Structures are given as structure tokens and as C-alpha cells.
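J.: Chains A and B, in that order, give the protein sequences.
Take 12 as the starting number for the first sequence in the numbering used here and just add one per residue.
Take 29 as the starting number for the second sequence in the numbering used here and just add one per residue.
Idealized CB from N, CA, C, for every residue including glycine.
Everything numeric in this text was worked out from a predicted model, so none of it was measured.
My structure is below; once you've seen it, I'll send some questions.
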Amino acid sequence: MSLSPTLSTKSSPVTDTAKASRYYGRLGKYLVAIVASLVLIWLALGVGFGEWSSPMGLDETIWQLRYPRIATALLVGMGLSVSGAALQALFENPLADPSLIGTSGGAALGVVLVLAFGISGIGVPLAAFSGSVIVCLFILAVHRFLGGGQMGLLILGFVISAFCAAIVSLILFMSNDMVLRSATNWLSGSMAEAGFVPLRYAVISMLAGLIILLPLGRQLDGLMLGETTAMSLGIRVGLVRTLVVVASALLTGAAVSLAGVIGFIGMMIPNLLAIIFGGGRMRLMIWSGWLGAIFLLVIDGMARHIAYPVDVPVGIVLALIGGPFFIWLFIRGKM
Amino acid sequence: MTLLATKPLYQAGALAVLLGATSLSAQAYDRIVAMSPDVADIIVAVGAANKVVGKDAFNSNPALNNVPEVGMHRNITAESVLSVKPDLVLGSHMVQPASIYQRLNSLKVKAVNVAPTEDAATFTKSIKTVGSYVGQTSKANQLASRWQQGMAPMKNTGKRYLLSYDGRIVAGKGTVGDELIRRAGGINAANVTGLKPLSREGWLAAKPDVIIIADHNKPVIGSLAKFRQRPEVAVSPAGKKGQVYFWPADEFLRFGLDSPQVLKKLNSLVQ
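Right, dumping it as C-alpha cells:
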């Protein structure tokens, strides 16, 4: 018995080597990720006017147009993917994405209200953020009142999102063609607003979301074993659920305020990483954030290059990729 | 012989059909529904506002303020149109679903799409067609002729215009906006086809001398001053000279009786 501590404190050269190898392996991965990110950002900065040119000699006006777009793509991709990774664990469902907690429906409602009724004093991005957070908090409040556990939250999210979508459709139907056109473009999800929306508010909101969410990785791993098991492990399920939903709302609300309603990425990226690498939820959230950011940057850069001078909403491009991905995921699950 | 005998008969028959068709369109209708605002404006302009018993909900013509609404032109139903017991229903390409005309005709209510396409020639023709249906042929012909003259292409100014709905979507080639720009002597700076969202770098490359945005999008864009601060606008000739305006969308969304005045307005901006 007394040997145990001694044994545990001493380590063999083999263990040390393995540890060092793991450490350097991890460091190598981070380095590769950082270098890849920098290269892709550099490449994306050079995309414009239907061609690629070195970003070294960009004039100030072009710089002012491109850097907010790249920053927006990175932030939105990161926010939606991290949020998706957390929500998939919370709902124990690989198809869960940020829209399940009402953020997309709420944001759409907020935006359409502003566009159709010209509500002054609140801009479109702020309306999107407020809409997503308010609807999400409403879902949480109703869930607290009605109960029903994780399934109840899932159903409430679905029903209230559908209700928001119905109100949006009604408002669009009642408004004139022009409002419809503006709203449709915005609701498709686009980076075109990049630069018009101050990034600092979105960054603050996303930071708050990440600070709440990332430390919950272990609890989310526990939740994935089922609510009962999670409770037996001492996890305060109700509190974790509320924190995850609020943090996800902060992340996706900010993302939606920057680029409108963008689907699929929050579902695709965490699934892809979970299939390829697996691992704990915290790790998955961090890597999802990275890959989501890079993925959206690449997709937006390609769309900008191919469709120039038309600004194709990136949400449409993602939906085109997301549809087949969803089918692949379904087939894979069946096999 | 048989052939010689049948030819006059055939001609007489054809004449009778033609006369019948003419008399059909010349028949005076007293209960008219104007399903789209463009057609309603024509009916009012030829002096037949008193015959209109139904209009679409987006109609803002003051002469039709007291006329009941029969739905929205974007999604109108036969039932709502029939509720005002019309003997004639007129509309244009703006009316959706397009099958409404066929549906009404199958219900024995005469329904005519007077402007099935969105071009200047069709609009001129639609003025005459409406005139013939409301019994104001000569007035309508005069109006059509004035409109056509007013739409005559002006001297080339070489100035570049961007007509936009919301500061992103622009009227490219093949749109009414494009036609208005060209007839006003200008160049459409939007190098796209149809109504498309132009990227901010596309705006920068367009180098417009004049930018016009739909005024209902003011709440989205903010003020003109704010819009002019956008980097791609600030460096453009329009931004530098303050040639950025909010106009009602209907002025460059579709042809209307005011289109000749719109041409003059567009042209005068660069004089």
C-alpha cells in the first residue's frame, strides 16, 4: 500500500518519452493549425475582383473591405461550430445545430420586424442578436415551467422555431416586394454585411459564450452518457443545460448579427471532427471552432472568387454542401 | 368556282370575327377590378376611376382611396376578386399567381393580362389596351403616344449609374432600371444581369457617378451621410460629389406612367 505513492511519483524513461512524444505531437498539431490558418488568411486576403493578387500591396480602401469580411467569416464559422459541438452533446443528437434553441428563428423574426415595419432606433444586426437571445431565453423559461428534460427542450426549441418561422412568413407575405427581397437576402446568410456591423460587440458576446462553454466540456461528456448517469456523476444537469443554451445563444446570436442565418456549418463541422478524431467534448469544441472558422473562410473566399461581382449568400453555398453531408451522415449511421 | 365562291364567304367570316373581337374589347365595362397598381394608375389616368370596384392592397393611388381591396397582387385569389362582382378584371405581369387570369376566365369573368412582360413596348400597348376596355380609346392612345415620346432616348451623357434597392442589390442588365438608365443617356455601372446583390468590391469597381437607393430601406442603411462613408462609396465619383439619393422603389422597379419624368430626373442629376 505504502508503495503506491512512490510508484506513482516515479516515472520510467519509457513513460517520460511517451509523454514528451504526446506533448510534441500536440504542439505540432497546434503549430500546423496556426500555420495553415495564417496561410489561408493570407490567400483569402488576395481574393478579389474575380482574381487573386498578392495581398502585400493592397490599397487602403480594398483593405477596409477585405479584412472585416475575413474576420467575419472566421468569427461566424467559429461561433456556429463551437455552439453546434456543445448542442450536439447536450441533445445527444449528432444532427443538433444552433437553430434548435431558437436562435435562427428569433434572429429572423427580429430582422423581419425591423425591415417590414422600419422600427427605428434598432439596426438589423442588433435586431438579429436581440431576437435570437430573447427567443432562446423564452424557450428556456417555458422549459423551466413545463419541464420535460432534454426531450422537452428539443421539442420546445423545434416548436417555437417553427412558430417564429410562421410569423416571419406572415410578415413577409403582408409586406411589399422590396422588403421581401431585402429580408430574403439577409435570411439566406451572407458575409455582405461585413464591415457594417462593429465587430467588437460580436467579439465580446462570443468571448462570453466561450468562457461559459469551454469549461463545461467534462460535464457535457457526462451528459452524453444520459441524464441519469450524468446526475449520478454529480453533474447538475439543469444548470449545465441552462449554461450551455445561454452560451450557445451568445455565440450564435453574435454570429447571426454579423452574417444572417447560416445553417449546416454548426452541424457539419463537429460531426466531421467527431468522426475523424473523436475525443472529449472540450477538445472537440476547440477544434470545431478552428475548423469552422477556416472552413467558412475558404467557402466564402471561393464564392467571392467564382461569383464576382455578384455576392452569393454563403448560406446558400453551405446549404448546397450541407444537404449531401446530411445524407452521408444518415447513410453512415445506418451502416 | 367553289373556291371563288367560298373566298368572299371566308373573308366575310373573318371580318365578322374581327368585328366581334373589336366590339368585345370595346364593350363598355362598368365594374372593373384592377389587380395591379400599374394597371390601376392607367385606368385612373384615362378617366375611368369611377368604374373601379376592386383594387389590390398595395395600391396607393389617391383616386382609388375608397375602392375596396380584393387582396394583394402578389398572391391574389379568384374568390376575393369575385366578391366585388366585376364584369372585367385587369392586371399585368405583377399579378401572382399568373394562372389567376385563366382561373377567372374559366369562371366566366373576363380577365385580361394587359402587360404580360416587363418592357417599354408592352407598357405602351397596355395603356391602349386598358383604354379600349374602359371605353376611352382616344384618351388612352394620346396618353400612350405622350408616354412613348417621353421615353425617347436622351443624349448620351456617359455618366455611370447604380440603381440599388438596399445598397447591395443592384438593377443589372435586362431590368427596368437598366432600360431607364440607358434611355436617360447614362451607362449602367452594374455589370450583372437581373437584380443581383453586388459585392462591395463590385461596388468599388463600378465607379458610379450617381447612386440611387430605394427609400424604404432607409431604416436599414441609416442616413445618406452614413452610406457615403462606406469605403467603396466614399472613393466613388458619386460619393465624392454627393450624388447619392433615396428614391421611391416603384420609380425604378417597374415602368409606370411617371417613367418619362423619372428619365428627366435621372438625366438632370448629371447636368
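So, does the CB of A:L69 fall closer than 8 Å to a CB anywhere in chain B?
T.: Position 58 of the first sequence, counted from the first residue, corresponds to residue 69 of chain A. Judged by the 8 Å Cβ criterion, A:L69 is not in contact with chain B.
J.: Select from the segment 203-237 of chain B all residues with a C-beta closer than 9 Å to any C-beta belonging to chain A, and list them in chain order.
T.: Residues A218, N219, V220, L223, K224, P225, L226, S227, R228, E229, G230, W231, L232, A233, A234.
J.: In whole angstroms, give me the CA-to-CA distance for A:I246 and A:Q99.
T.: By 1-based counting over the first sequence, the position of residue 246 of chain A is 235. By 1-based counting over the first sequence, the position of residue 99 of chain A is 88. Each residue's Cα considered, the two are about 18 Å apart.
J.: Buried or exposed: A:A31, going by 16 or more other Cβ atoms within 10 Å of its Cβ?
T.: Residue mapping note: residue 31 of chain A aligns to position 20 of the first sequence, counting from 1. Its Cβ having fewer than 16 others within 10 Å, A:A31 is exposed.
J.: Taking the CB atoms as reference points, tell me whether B:Y57 and B:V162 lie closer together than 8 Å.
T.: To locate residue 57 of chain B, count along the second sequence from 1; it is residue 29. To locate residue 162 of chain B, count along the second sequence from 1; it is residue 134. Going by C-beta atoms, B:Y57 is nearer than 8 Å to B:V162.
J.: Figure out for me which residue from A:I338, A:L302, A:I310 has the closest Cα to the Cα of A:K40.
T.: Taking the first residue of the first sequence as 1, we reach residue 40 of chain A at position 29. When each option's Cα is compared against that of A:K40, the closest is A:L302.
J.: In this structure, how does DSSP classify B:L135 when only helix, strand and coil are distinguished?
T.: Here the question's residue 135 of chain B lines up with position 107 in the second sequence. Coil, per DSSP.
J.: From B:S296 to B:A218, what distance separates their C-alpha atoms?
T.: The residue you call residue 296 of chain B lines up with position 268 of the second sequence. The residue you call residue 218 of chain B lines up with position 190 of the second sequence. Straight-line Cα distance between these residues: approximately 20 Å.
J.: Using a C-beta cutoff of 8 Å, does B:E260 count as contacting chain A?
T.: Within the second sequence, residue 260 of chain B is the residue found at index 232, counting from 1. Yes, B:E260 lies at the interface with chain A (some Cβ there is under 8 Å from its Cβ).
J.: By the 7 Å beta-carbon criterion, what residues does the segment 302-328 of chain A contribute toward chain B?
T.: Here the close residues are R315, Y319, P320, V321, D322.
J.: Would the segment 89-108 of chain B count as touching the segment 142-156 of chain B if we require 3 or more Cβ pairs under 8 Å?
T.: The segment 89-108 of chain B is not in contact with the segment 142-156 of chain B.
J.: Give a yes or no on whether 8 Å exceeds the smallest Cβ distance from A:T28 to chain B.
T.: On the first sequence, residue 28 of chain A is found 17 positions in, with the first residue counted as 1. Cβ-Cβ to chain B under 8 Å: no for A:T28.
J.: Could you tell me whether any Cβ in chain A is nearer than 8 Å to the Cβ of B:V263?
T.: Against the second sequence, residue 263 of chain B aligns to sequence position 235. Yes - at least one Cβ of chain A is within 8 Å of the one on B:V263.
J.: Which chain A residues sit within Cβ distance under 9 Å of B:N103?
T.: For the purposes of this step, residue 103 of chain B is taken as the residue at position 75 of the second sequence. Going along chain A in sequence order, the residues near B:N103 (Cβ under 9 Å) are F184.
J.: May I have a chain-ordered list of the beta strand (DSSP E) segments no shorter than 3 residues that lie completely inside the segment 73-108 of chain A?
T.: None, since the segment 73-108 of chain A contains no complete beta strand (DSSP E) of that length.
J.: So, are the CB atoms of A:A97 and A:L231 less than 8 Å apart?
T.: Here residue 97 of chain A corresponds to residue number 86 of the first sequence, with the count starting at 1. Here residue 231 of chain A corresponds to residue number 220 of the first sequence, with the count starting at 1. Result yes, Cβ atoms of A:A97 and A:L231 sit closer than 8 Å.
J.: Can you find a C-beta in chain B that's less than 8 Å from the C-beta of A:Q75?
T.: In the first sequence, residue 75 of chain A corresponds to position 64, counting from 1. Cβ-Cβ to chain B under 8 Å: yes for A:Q75.
J.: Could you confirm whether any beta carbon from chain E is found closer than 8 Å to the beta carbon of B:Q299?
T.: Looking for chain E here will not work: the only protein chains present are A and B.
J.: Of the residues that make up the segment 37-66 of chain A, which ones have a beta carbon closer than 8 Å to any beta carbon in chain B?
T.: Those residues of the segment 37-66 of chain A that come within reach of chain B (Cβ to Cβ, closer than 8 Å) are G59, F60.
J.: Would you tell me roughly how many angstroms separate the C-alpha atoms of A:S48 and A:P335, rounded to the nearest one?
T.: Sequence index remark: in the first sequence, residue 48 of chain A carries index 37 (1-based). Sequence index remark: in the first sequence, residue 335 of chain A carries index 324 (1-based). Distance between the alpha carbons of A:S48 and A:P335: 26 Å.
J.: Find the residues of chain B that neighbour A:T72, judging by a C-beta separation of less than 9 Å, and give them in chain order.
T.: Numbered from its first residue, the first sequence carries residue 72 of chain A at position 61. Correct list: L232, P259, E260, A262, V263.
J.: Exposed or buried, which one is B:R211 when buried takes at least 16 other CB atoms within 10 Å?
T.: Here residue 211 of chain B corresponds to residue number 183 of the second sequence, with the count starting at 1. Label assigned to B:R211: buried.
J.: Spatial neighbours of A:I178 within its chain, please: CB distance less than 7 Å, with the 5 preceding and 5 following residues excluded, ordered by chain position.
T.: The count along the first sequence starts at 1 and reaches residue 178 of chain A at position 167. Closer than 7 Å at Cβ, skipping near neighbours: L120.
J.: Do you know offhand how far B:V290's Cα is from A:I81's?
T.: Residue numbering aside, residue 290 of chain B sits at position 262 when the second sequence is read from its first letter. Residue numbering aside, residue 81 of chain A sits at position 70 when the first sequence is read from its first letter. Using only the alpha carbons, I get a separation of about 40 Å.
J.: Is the separation between the beta-carbon of A:L307 and that of A:I276 shorter than 8 Å?
T.: For the purposes of this step, residue 307 of chain A is taken as residue 296 along the first sequence, with counting starting at 1. For the purposes of this step, residue 276 of chain A is taken as residue 265 along the first sequence, with counting starting at 1. Going by C-beta atoms, A:L307 is nearer than 8 Å to A:I276.
J.: Sorted by chain position, which residues of the same chain lie with C-beta nearer than 7 Å to A:A260's C-beta, five sequence neighbours on each side aside?
T.: Taking the first residue of the first sequence as 1, we reach residue 260 of chain A at position 249. So the list reads I112, T114, S143, V144, C147, once near-sequence residues are dropped.
J.: Please state if the CB of A:L164 and the CB of A:R252 are separated by a distance shorter than 8 Å.
T.: Residue mapping note: residue 252 of chain A aligns to position 241 of the first sequence, counting from 1. Residue mapping note: residue 164 of chain A aligns to position 153 of the first sequence, counting from 1. Yes.
J.: According to DSSP, what are the bridge partners of B:P125?
T.: Here the question's residue 125 of chain B lines up with position 97 in the second sequence. In DSSP, B:P125 forms no bridge with anything.
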